[in-house]
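Peer 1: Numbering (mature numbering (1 follows the signal peptide of the UniProt record, and there is no 0)), first residue to last: -21 to -1, 1 to 315. Backbone N, C-alpha and C fix where the C-beta goes; we use that ideal spot for every residue, glycine too.
1. CB-CB under 7 Å to residue 209, same chain, minus the five flanking residues each way: which ones, in chain order?
2. Using only the alpha-carbon positions, how far apart do residue 125 and residue 176 sit?
3. With DSSP collapsed to three states, give me the class of residue 173.
4. Relative to the alpha-carbon of residue 5, which residue among 107, 68, 66, 72 has its alpha-carbon at the smallest distance?
5. Can you tell me whether residue 138 is buried or exposed? The criterion is at least 16 other CB atoms within 10 Å of its CB, across all chains shown.
6. Given 8 Å as the limit, is there contact between the stretch 152 to 171 and the stretch 221 to 235, that is, 3 or more CB pairs closer than that?
7. How is residue 16 classed by DSSP in three states: helix, strand or coil?
8. Report the rounded CA-to-CA distance for residue 36 versus residue 16, giving the unit in angstroms.
9. What residue range does the beta strand (DSSP E) around residue 188 cover?
10. If you reduce the DSSP assignment to three classes, tell me which class residue 296 lands in.
11. Given that a residue counts as buried once 16 or more other Cβ atoms are within 10 Å of its Cβ, and exposed if not, what is residue 195?
12. Taking residue 232 as the reference, which of 244, 222, 223, 221 has the closest Cα?
13. How close, in whole Å, do the beta carbons of residue 91 and residue 28 come, if the pair is a contact with beta carbons under 8 Å?
14. Taking the C-alpha atoms as reference points, what is the distance between residue 152 and residue 297?
15. Considering just the uninterrupted stretch of the alpha helix (DSSP H) at residue 250, what are its terminal residues?
16. In terms of residue numbering, what span does the beta strand (DSSP E) encompassing residue 266 cover?
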């Protein structure tokens, strides 16, 4: 009777049709399937030969039984008995030899086919193990891809949020620059400049506008500018104010009261301007004064014009970025 294809082979064929990720693996599996089908055909042929041999043997046994009856009947016939008996015995030997040959040939064929089948079964088991490993690796890769896709989606959302916060910060900086510029429109560009740099608003005031040479007391015109600036900044509570004093490289006159060098001069000027801003309404805790002396020039100190450019006070307005920094820190934290 013909045997049906094993469940293991069907499972392997199904797994191969759905899980093999490449043409090479499919080709190897098709080859294995062809070999298995060839083995099944050979096995079926051997079984068919065995059935034929059994049928022939049955037929021979039936003939042998008939001959035995005939032999028993002819024993009593003296003349014919010997001849028939010898013929019958010869036929019996021939039938026995034929049966033995058929039996031995059938056993040999079955043994060879069984060995081939065992080899194919072992190869199939090995392929099934390989397919299982491939399926596990594929599932692992899919899980990793899903996790990466989720991480990318999360990072894209955070990036969009960060870009929105940066855009809002830039808009706030530009709005602040516009307010400061409008408040200080009456002053000459040579004395006062407002610009945006690195996300901050820089208000640069020349020494000519603020101080007499070597002095730390702000002139009336400079006080007017600072009062207008303070009027804008006092309502901008999310803006920090840094006042930086700058000088050229010309040393101060010896004996100047309370000052040893340009460090003192720049720091005292910055402190005086910071004080005037707080008098104008800016909260003191938002204001920082610092002296930079001659070490951060905007031009070479090689001409009177360039030295005049370096003698300046810069008021740096920085929006508070606590929320933005928290977002940056959150984005830089490695995902667990």
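Peer 2: In short:
1. 256, 259, 260, 261
2. 42 Å
3. strand
4. 107
5. exposed
6. no
7. helix
8. 30 Å
9. That residue, residue 188, is in no beta strand (DSSP E); its alpha helix (DSSP H) goes 186 to 189.
10. strand
11. buried
12. 244
13. With 8 Å as the limit, residue 91 and residue 28 do not qualify as a contact, their Cβ atoms being about 12 Å apart.
14. 8 Å
15. 241 to 258
16. 266 to 270
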